[in-house]
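Below is one structure; the comments refer to it alone.
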Amino acid sequence: MKISSLSCSLKNTKKHLYIFLFILVVLSSTLLVSGSDASSTAPEPGSDEDPIVTKSYVDLELAKFSAEINTRLSRLASELKEAESDDVNEVIDALAGKIFELAKDIHNLNEQVEDLMKFAKFGVVELEPGQVMTLGESAEIILRSGKALAIAGEKGDGLADITTDGVRNNLVTNDIVPLNHLLLISRDDGRGIRAVSKAWVLVKGDYTISDGSSGEEDSTAGEGSATEESQATEENQDTEDDSITGDDSATGNNTGNN
Numbered sequence: 287m288k289i290s291s292l293s294c295s296l297k298n299t300k301k302h303l304y305i306f307l308f309i310l311v312v313l314s315s316t317l318l319v320s321g322s323d324a325s326s327t328a329p330e331p332g333s334d335e336d337p338i339v340t341k342s343y344v345d346l347e348l349a350k351f352s353a354e355i356n357t358r359l360s361r362l363a364s365e366l367k368e369a370e371s372d373d374v375n376e377v378i379d380a381l382a383g384k385i386f387e388l389a390k391d392i393h394n395l396n397e398q399v400e401d402l403m404k405f406a407k408f409g410v411v412e413l414e415p416g417q418v419m420t421l422g423e424s425a426e427i428i429l430r431s432g433k434a435l436a437i438a439g440e441k442g443d444g445l446a447d448i449t450t451d452g453v454r455n456n457l458v459t460n461d462i463v464p465l466n467h468l469l470l471i472s473r474d475d476g477r478g479i480r481a482v483s484k485a486w487v488l489v490k491g492d493y494t495i496s497d498g499s500s501g502e503e504d505s506t507a508g509e510g511s512a513t514e515e516s517q518a519t520e521e522n523q524d525t526e527d528d529s530i531t532g533d534d535s536a537t538g539n540n541t542g543n544n
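Taking our numbering, the leading residue of the sequence shown gets 287, the next gets one more, and so forth.
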């Protein structure tokens with residue numbers, strides 16, 4: 287029994303070995319066939335399908351490619367610079383326009399300040415004989431020395447004498463301008479003064495100075511007015527002296543009577 291069983295197992299082993307060898311042969315054949323097919327379809331090195339190139343050729347092609355890349359990069363950088371330059375120029379132009387507008391505003395403000403400064407303080411002006419000072423609206427003037435005559439406006443309106451509290455507080459044409467009196471001009475209508483002699487005035491506000499065409503006639507009239515005023519003053523002084531003398535005489539008589 288043992289010998290028969292052993293022979294059966296040997297037969298089975300041989301059978302399995304044959305099967306294994308058969309499978310191995312089939313696989314080897316398959317691999318050889320597939321390898322031959324692959325080798326038949328692959329291009330042959332050095333042929334037109336798979337050319338052999340030299341290192342110098344590869345270096346040349348790489349240099350061409352690198353030069354093309356550098357050219358495109360340079361062109362792009364140039365375009366970017368031009369775009370930035372255009373933007374910068376636009377910004378500069380806009381800023382220049384704003385600076386110009388601001389400069390104009392500053393100039394206008396300076397002019398306004400100068401105009402306001404004319405009304406902020408008095409200025410000293412010297413007038414020669416015959417010169418006419420025409421004053422603007424809201425101007426003020428004080429005759430400090432010399433002689434001058436008033437000039438009324440176009441409609442005959444005079445210069446307001448703010449200093450005096452008397453009846454003659456409105457000076458019209460050819461009225462003598464008193465010294466150290468503050469005169470106010472209400473409108474810009476040609477009012478002013480004409481210098482009879484060299485005169486110094488304090489003025490605040492707008493004014494113009496011109497040579498009067500009828501300076502000699504006005505000067506003569508001014509001198510006449512001055513003479514008349516001097517005569518009137520002397521007569522008033524004489525009257526006051528007579529009154530004082532009369533009072534003294536009366537006092538003396540009363541004393542004698544006492």
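We treat Cβ as the ideally placed atom computed from N, Cα and C, and that holds for glycine.
As the structure is a computational prediction, the values presented were derived from the model and not from experiment.
Closest in C-alpha terms to Ala-425, from the list His-393, Asp-379, Gly-478 and Leu-413, comes Gly-478.
DSSP places Leu-465 outside any beta strand (DSSP E), giving it a letter other than H or E.
Contact check for Ala-436 and Leu-413: beta-carbon distance about 14 Å, past the 8 Å limit, so the pair fails to qualify. By the neighbour-count criterion, in which 16 or more other beta carbons inside 10 Å mark a residue as buried, Met-403 falls on the exposed side. The beta carbon of Glu-400 sits closer than 7 Å to none of the beta carbons in its chain outside the five residues before and after it. If you draw a straight line from the Cα of Ser-483 to the Cα of Lys-433, it is about 5 Å long. Non-local C-beta neighbours of Lys-350 in its own chain, meaning closer than 8 Å and more than five positions away in sequence, are absent. In the three-state DSSP reduction, Val-487 falls in the strand class (E or B). Gly-478 carries a strand assignment under DSSP once its states are collapsed to helix, strand and coil. Straight across, the Cα-Cα distance linking Ser-371 with Ile-392 is about 31 Å.
By the Cβ test, the segment 439-450 is not in contact with the segment 359-379, since fewer than three Cβ pairs between them sit closer than 8 Å. By DSSP's assignment, Ile-428 forms a beta bridge with Leu-468 and Leu-488. As computed with DSSP, Tyr-343 is found in no beta bridge at all. When only Cα atoms are considered, Trp-486 and Ile-471 end up about 18 Å apart.
Within its own chain, the residues whose Cβ lies closer than 6 Å to the Cβ of His-467, once the five positions on either side in sequence are excluded, are Asp-447 and Thr-449, listed in chain order. Glu-354 has its alpha-carbon roughly 11 Å from the corresponding atom of Glu-347.
When C-alpha distances from Asp-451 are compared across Asp-443, Lys-441, Leu-469 and Leu-429, the shortest belongs to Leu-469.
For Lys-490, the number of other beta carbons within 10 angstroms of its own is at least 16, and it is reported as buried.
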